Amino acid sequence: MFSAEISQYQIQRVLQETKAFDDLQVTLHDFLSAFDLIQHRMEAEETENYYYSTQVPEDFCIEVEKTYDAMKTFLEEKQFKDVPYSLVVLFYDLKHFLKVHDLFDSHYSFIATKEKSGLRCKEFCMDPSSLMQNILQRSYTSVFFSATLSPIQYFVRMLGGGRESVQFRTDSPFPKENLHVVIENEISTKYKERPQSFEKIALYIRSIADAKIGNYFVFFPSYAYMNKVYETFQLIKGKTSCILQKPNMNEKERNEFLTSFSFPHGRSLIGFAVMGGIFGEGIDLVGDQLSGAIIVGVGLPSINLENMVLKKYFDENEESGFGFAFVYPGINRVLQAVGRVIRTEEDRGVVLLIDKRFDHPNYRKLLPEEWGYVPGIHNPNLYASLLKEFWKDI
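Each residue of the sequence shown is one higher than the one before, counting from 403 in our numbering.
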């Protein structure tokens with residue numbers, strides 16, 4: 403909410419949809435030239451596909467303001483009626499960009515990236531803590547609560563807390579014995595080593611599906627990785643049913659995907675999904691609707707310009723750049739995904755964390771205390787035996 407962006411593609415789309423308004427066309431064409439200014443900076447610095455600065459280029463910001471003023475006058479004259487929706491969206495995006503520009507300080511960076519559809523310019527809030535502090539100071543006290551505020555010091559830091567912030571952790575209301583968590587400590591899900599893991603991950607999925615007929619999620623760090631394991635699993639799935647998350651699913655497709663978990667199939671159902679996506683948090687599948695989940699990878703965000711800028715910022719402030727940019731957001735994704743399994747005090751479920759890094763002390767200390775000691779394994783057959791033992795009384 404403290405960042406803002408505008409894309410060249412967005413302007414071009416509005417241009418296509420406002421051909422009937424000549425004055426507006428001139429304004430938008432002038433604004434497109436502002437992106438050329440950023441392109442020239444890329445060429446001058448020989449960065450080719452990106453531009454990074456601790457300041458918003460003044461000439462670009464002037465063009466944003468001119469365009470916003472012209473659009474404001476036009477839309478007020480039209481009373482926001484009979485105009486393309488894309489034009490209204492652009493108007494409010496420009497307004498937000500200017501508001502964020504008023505907040506722009508040392509906690510911000512300006513980032514421009516070249517994509518297939520053109521340039522994308524972003525005022526990127528790297529550290530919201532000071533802005534959050536300003537908000538918190540308006541109240542006598544504020545309470546932040548969630549089942550996944552872990553690691554707690556990371557959230558205290560990013561949400562504007564300080565040494566005086568009170569931290570309180572309650573015991574889980576769910577019986578510890580109802581959740582069976584295991585770490586697969588041999589597989590590496592690092593990018594270059596992923597092809598070696600497809601077959602073994604497929605075997606673990608087969609183990610979890612065969613141990614007890616039920617519905618299961620398998621969460622992956624990317625669509626590409628998910629699709630490869632999905633293809634491999636098709637060769638050994640037996641009677642197991644599978645559904646696959648697709649990019650940019652509309653509301654109807656999302657509902658159909660989740661509805662598949664709402665009734666028994668007489669066979670196990672595996673939902674292949676992306677960690678941190680629309681099915682990784684905020685959904686409630688209680689009781690027999692979800693029997694378990696496999697989490698593939700430690701959830702690290704992708705290595706891109708934005709995350710590298712974030713890492714650089716925290717490193718320069720003598721804090722853990724890699725932790726703040728990658729590890730902590732990643733483990734939060736993992737915990738969100740695991741949280742889909744146990745939703746009530748009666749739920750029982752199994753979780754398999756696949757990645758040898760989970761077994762490292764630096765990651766083990768980030769796992770919830772209520773899990774207790776999480777055993778490590780590296781054999782799908784052994785895992786099948788552990789699952790049968792867990793489910794034997796069901």
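From the three backbone atoms N, C-alpha and C, an ideal C-beta is built for every residue, glycine too.
A quick note: this is a predicted structure, and the numbers were derived from the prediction, not measured.
- request: Identify whether G564 lies in helix, strand or coil by the three-state DSSP scheme.
  value: Residue mapping note: residue 564 aligns to position 162 of the sequence shown, counting from 1. Coil, per DSSP.
Which of helix, strand or coil DSSP assigns to E601: Residue mapping note: residue 601 aligns to position 199 of the sequence shown, counting from 1. If DSSP states are grouped into helix, strand and coil, E601 belongs with the helices.
Cβ shell of F716 (< 6 angstroms), same chain only, five flanking positions each side left out: On the sequence shown, position 314 is the one that residue 716 refers to. Answer for F716: G723, F726, listed in chain order.
field: Residues near M473 in its chain [Cβ-Cβ closer than 8 angstroms; skip 5 each side]
entry: For the purposes of this step, residue 473 is taken as the residue at position 71 of the sequence shown. If we look at M473 and ignore the five residues flanking it on each side, its Cβ neighbours are L426, T429, L489, L492, F493, L496.
message: Taking the alpha helix (DSSP H) that F499 belongs to, which residues open and close that run?
response: Taking the sequence shown and counting its residues from 1, one reaches residue 499 at position 97. Counting along the chain, the alpha helix (DSSP H) containing F499 begins and ends at 487-505.
DSSP state of L671 mapped onto helix, strand, coil: Position 269 of the sequence shown, counted from the start, is the residue given in the question as residue 671. L671 falls in the strand class under three-state DSSP.
query: In three-state terms, what does DSSP make of V736?
result: By 1-based counting over the sequence shown, the position of residue 736 is 334. Three-state DSSP puts V736 in a helix.
Under 9 angstroms between C-beta atoms of L434 and Q418: Translated into positions along the sequence shown, residue 434 becomes position 32. Translated into positions along the sequence shown, residue 418 becomes position 16. In this structure, Q418 does not lie closer than 9 angstroms to L434 by Cβ.
message: In whole angstroms, give me the CA-to-CA distance for V753 and P782.
response: Locating residue 753 in the sequence shown gives position 351, counting from the first residue. Locating residue 782 in the sequence shown gives position 380, counting from the first residue. Cα to Cα, V753 sits roughly 14 angstroms from P782.
message: As a quick exercise: from R742, E566, D424, F665, pick the residue whose alpha carbon is nearest that of G684.
response: For the purposes of this step, residue 684 is identified with residue 282 of the sequence shown, where counting begins at 1. Nearest of R742, E566, D424, F665 to G684, Cα basis: R742.
- prompt: Taking the C-alpha atoms as reference points, what is the distance between P731 and S531?
  reply: Against the sequence shown, residue 731 aligns to sequence position 329. Against the sequence shown, residue 531 aligns to sequence position 129. Whole-angstrom Cα-Cα distance: 16 angstroms.
- prompt: Among the residues of its own chain, which have a CB less than 8 angstroms from the CB of F622, if the five just before and after it don't count?
  reply: Within the sequence shown, the letter at position 220 stands for residue 622. Same-chain partners within the cutoff: M628, V631, F674, A675, V676, M677, V698, G699.
task: Return the CA-CA distance between S455 and Y487, expressed in angstroms with no decimal places.
output: Stepping through the sequence shown from its first residue, residue 455 is reached at position 53. Stepping through the sequence shown from its first residue, residue 487 is reached at position 85. For S455 and Y487, the distance between alpha carbons rounds to 32 angstroms.
- prompt: Is V558 helix, strand or coil by DSSP?
  reply: Indexing the sequence shown from 1 puts residue 558 at position 156. Looking at V558 - three-state DSSP - the assignment turns out to be helix.
query: Who are T515's beta bridge partners in DSSP?
result: By 1-based counting over the sequence shown, the position of residue 515 is 113. The partner list for T515 (beta bridge, DSSP) reads Y452, R522.
task: Give the straight-line distance between the Cα atoms of L737 and E791, rounded to the nearest whole angstrom.
output: The residue given as residue 737 occupies position 335 in the sequence shown. The residue given as residue 791 occupies position 389 in the sequence shown. Approximately 24 angstroms between the Cα atoms of the pair.
Span of the alpha helix (DSSP H) around V752: Sequence index remark: in the sequence shown, residue 752 carries index 350 (1-based). Not the alpha helix (DSSP H): V752 falls in the beta strand (DSSP E), residues 751-756.
query: If you drop the 5 nearest sequence neighbours on each side, which residues of the same chain put their C-beta closer than 8 angstroms to that of K713?
result: Counting from 1 along the sequence shown, the entry for residue 713 is found at position 311. Contacts found: G723, F724, F726, A727, F728.
message: Is the beta carbon of E655 closer than 9 angstroms to that of K648?
response: Within the sequence shown, numbered from 1, the residue matching residue 648 stands at position 246. Within the sequence shown, numbered from 1, the residue matching residue 655 stands at position 253. Taking 9 angstroms as the Cβ cut-off, K648 and E655 qualify as a contacting pair.
Cβ-Cβ distance between Q410 and F437 below 9 angstroms: In the sequence shown, the residue the question calls residue 410 occupies position 8. In the sequence shown, the residue the question calls residue 437 occupies position 35. Yes, the Cβ-Cβ distance between Q410 and F437 is below 9 angstroms.
- prompt: Among Q441, E517, I779, which residue has its Cα nearest to the Cα of I756?
  reply: As a working note, residue 756 is residue 354 in the sequence shown. Looking at the Cα atoms, I779 is the closest of the given residues.
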